[in-house]
Amino acid sequence: MTQLRHPGKSRDCFHYRLAKQRQIPAFVGMTIILLALCSPVAAQQSLPPAPYAYKQLEDPRQEAEAQTLMETLRCLKCQSQSIADSDAPMAGDMRHQVRSRIAAGEEPEAIRAWLVARYGDYVSYAPAVSETTWPLFAIPVLLLLGAIAVIWRRVGRRS
Amino acid sequence: MRFWWWIPLALFALFLGVAAYQLTQPKDEFVPSTMVGQPLPDFDLRAAHPDRPGLTTADFRDGRPRLLNIWASWCLPCIAEAPHLETLRREGVDIVGIAIRDRPEDVARFLATHGNPYSRIGADDLSEVQLGIGSSGVPETFVIDGQGIIRHQHIGDVRAEHVAVLLEKLQEAAE
Numbered sequence: 428m429t430q431l432r433h434p435g436k437s438r439d440c441f442h443y444r445l446a447k448q449r450q451i452p453a454f455v456g457m458t459i460i461l462l463a464l465c466s467p468v469a470a471q472q473s474l475p476p477a478p479y480a481y482k483q484l485e486d487p488r489q490e491a492e493a494q495t496l497m498e499t500l501r502c503l504k505c506q507s508q509s510i511a512d513s514d515a516p517m518a519g520d521m522r523h524q525v526r527s528r529i530a531a532g533e534e535p536e537a538i539r540a541w542l543v544a545r546y547g548d549y550v551s552y553a554p555a556v557s558e559t560t561w562p563l564f565a566i567p568v569l570l571l572l573g574a575i576a577v578i579w580r581r582v583g584r585r586s
Numbered sequence: 187m188r189f190w191w192w193i194p195l196a197l198f199a200l201f202l203g204v205a206a207y208q209l210t211q212p213k214d215e216f217v218p219s220t221m222v223g224q225p226l227p228d229f230d231l232r233a234a235h236p237d238r239p240g241l242t243t244a245d246f247r248d249g250r251p252r253l254l255n256i257w258a259s260w261c262l263p264c265i266a267e268a269p270h271l272e273t274l275r276r277e278g279v280d281i282v283g284i285a286i287r288d289r290p291e292d293v294a295r296f297l298a299t300h301g302n303p304y305s306r307i308g309a310d311d312l313s314e315v316q317l318g319i320g321s322s323g324v325p326e327t328f329v330i331d332g333q334g335i336i337r338h339q340h341i342g343d344v345r346a347e348h349v350a351v352l353l354e355k356l357q358e359a360a361e
């Protein structure tokens, strides 16, 4: 039942990959079949998208701020995409949240913190040093130091 | 000295083994809410169905624990969980619903077909409350205590075996 939980998922992700790979003719038949299988999605889409899901902010500087933030927030339905990339209705609602909060004068990092407080680090693509992630930052530094030590010894031995 | 030469290969084999093992493990796509233990955000939702009132945060602060079910008429697993929500209602549990991105006529059709276990149904057209409580899909069911604090999150459809768990969590929330 897991895959049934988000009826929008397969279709939204599938669409996006197609556009990216530009292999449209080969998959047109498959798309039609998938669309036919996903009829409940049509009902989901019948409610108009949130006002700021697809509409940019008036102020170009604010829109740029929103765009930068949206590219580093994970779509919770299409989990390998950012909310800027995804056509899932929930991603549209998240873009609406981001844009309307930025328009209200909220700082982008405050909006990220608001989402992280609800979904954990998982919702953010911007890596943060924390109790569980510190080895990711520490190991490359240790490897680099080790490599320098080995080279140092070898060069030192030859001269 | 020769022995040490095998270490890089052994490390490589170890990484390969870990990667191969992880590939065989089923992917966990659930994103748990980090709002468990936190109060509900402030909201005031219009009624999603003419027969039931809408939903506000104040409705949760009457001292009685209840279930908050996040669902939608377009959601297939919501059909599967409908009979189990009905079982919970018959056990005396108060269930309130939030319909995500839904139209009144679709809600009415769903409830007429699959039953209506809800005492109140709010309409969340922009998924604002859903985002506010850290829910990442439909259906999800939250146990809310009598002070409006989120006590437990159940992700996915409620099945027969989850009924007892939810009753227990409600009992804990009442204490």
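Chains P and W, in that order, are what the protein sequence lines are. The number in my numbering is simply the position in the first sequence, starting from 1, with 427 added. The number in my numbering is simply the position in the second sequence, starting from 1, with 186 added. Don't be surprised by glycine CBs; every beta carbon is placed ideally from N, CA and C. Remember, it's a predicted structure, so these values are computed and weren't measured experimentally.
{"Item": "Cα-Cα separation, P325 of chain W to V577 of chain P", "Value": "56 Å"}
{"Item": "Spatial distance of H348 of chain W from T560 of chain P (CA atoms)", "Value": "33 Å"}
{"Item": "Unbroken alpha helix (DSSP H) run spanning L202 of chain W, endpoints", "Value": "I193 to T210"}
{"Item": "For L242 of chain W, three-class secondary structure by DSSP", "Value": "The question names Leu, but residue 242 of chain W is Thr in the sequence shown. Correct three-state label for T242 of chain W: strand."}
{"Item": "S557 of chain P - containing alpha helix (DSSP H), residue span", "Value": "That residue, S557 of chain P, is in no alpha helix (DSSP H); it is neither H nor E in DSSP."}
{"Item": "Backbone CA spacing between A359 of chain W and G223 of chain W [nearest angstrom]", "Value": "11 Å"}
{"Item": "Same chain, Cβ closer than 7 Å to Q483 of chain P, five either side skipped, listed in chain order", "Value": "E490"}
{"Item": "Proximity to H235 of chain W [Cα-Cα], best of W:A309, W:E277, W:V217 and W:L262", "Value": "W:A309"}
{"Item": "Inter-residue spacing [alpha-carbon to alpha-carbon] between L353 of chain W and S322 of chain W", "Value": "23 Å"}
{"Item": "Reduced DSSP secondary structure (H/G/I, E/B, other) of F216 of chain W", "Value": "coil"}
{"Item": "G422 of chain P and T273 of chain W closer than 7 Å at C-beta", "Value": "Residue 422 of chain P is absent from the structure shown; chain P starts at 428 and stops at 586."}
{"Item": "Alpha-carbon to alpha-carbon, G320 of chain W and S172 of chain W", "Value": "Since the first residue shown for chain W is 187 and the last is 361, residue 172 of chain W is missing from the structure and cannot be characterised."}
{"Item": "G547 of chain P: contacting residues in chain W (beta-carbon distance under 7 Å)", "Value": "T220"}
{"Item": "Short Cβ contact (7 Å threshold) for A511 of chain P with M497 of chain P", "Value": "yes"}
{"Item": "Closer than 7 Å to chain W by CB, P516 of chain P", "Value": "yes"}
{"Item": "Nearest candidate by alpha-carbon position, reference V315 of chain W, set W:I284, W:R247, W:D331 and W:A258", "Value": "W:I284"}
{"Item": "Alpha helix (DSSP H) runs contained entirely in the region 284-332 of chain W, provided each spans 4 or more residues", "Value": "290-300 and 314-318"}
{"Item": "Rounded C-alpha distance that separates L231 of chain W from P212 of chain W", "Value": "37 Å"}
{"Item": "Members of the region 540-571 of chain P that neighbour chain W once the beta carbon cut-off is set at 7 Å", "Value": "A544, R545, Y546, G547 and Y549"}
{"Item": "Below-7 Å beta-carbon distance, R232 of chain W vs any chain P residue", "Value": "no"}
{"Item": "Close Cβ partners of A268 of chain W (< 8 Å) along its chain, the five nearest in sequence each way excluded", "Value": "H300, G301 and P303"}
{"Item": "Outcome for V351 of chain W when other beta-carbon atoms lying within 10 angstroms are tallied against a minimum of 16", "Value": "exposed"}
{"Item": "Cβ-based contacts, 8 Å cut-off: residues of the region 286-313 of chain W near chain P", "Value": "R287, D288, R289, D292, D311, L312 and S313"}
{"Item": "Inter-residue CB distance, R250 of chain W and D280 of chain W (contact presumed, cutoff 8 Å)", "Value": "6 Å"}
{"Item": "Nearest candidate by alpha-carbon position, reference P475 of chain P, set P:L503, P:T495, P:L500 and P:M517", "Value": "P:M517"}
{"Item": "Inter-residue CB distance, R526 of chain P and A493 of chain P (contact presumed, cutoff 8 Å)", "Value": "5 Å"}
{"Item": "Proximity test, Cβ basis, 7 Å: G320 of chain W and chain P", "Value": "yes"}
{"Item": "Cβ contact check for the region 252-267 of chain W and the region 285-296 of chain W: 3 or more pairs under 8 Å", "Value": "yes"}
{"Item": "Helix, strand or coil at R522 of chain P [DSSP, three-state]", "Value": "helix"}
{"Item": "Distance between K355 of chain W and V344 of chain W (C-alpha atoms, nearest Å)", "Value": "14 Å"}
{"Item": "Chain-ordered residues of the region 477-491 of chain P with a beta carbon less than 8 Å from chain W", "Value": "A477"}
{"Item": "Same chain, Cβ closer than 8 Å to T495 of chain P, five either side skipped, listed in chain order", "Value": "P535"}
{"Item": "CA-to-CA distance, I286 of chain W to S507 of chain P, given in whole angstroms", "Value": "23 Å"}
{"Item": "First and last residue of the uninterrupted alpha helix (DSSP H) at H270 of chain W", "Value": "L262 to R276"}
{"Item": "Where the beta strand (DSSP E) containing R345 of chain W begins and where it ends", "Value": "Looking at the DSSP string, R345 of chain W is not in any beta strand (DSSP E), and its letter there is neither H nor E."}
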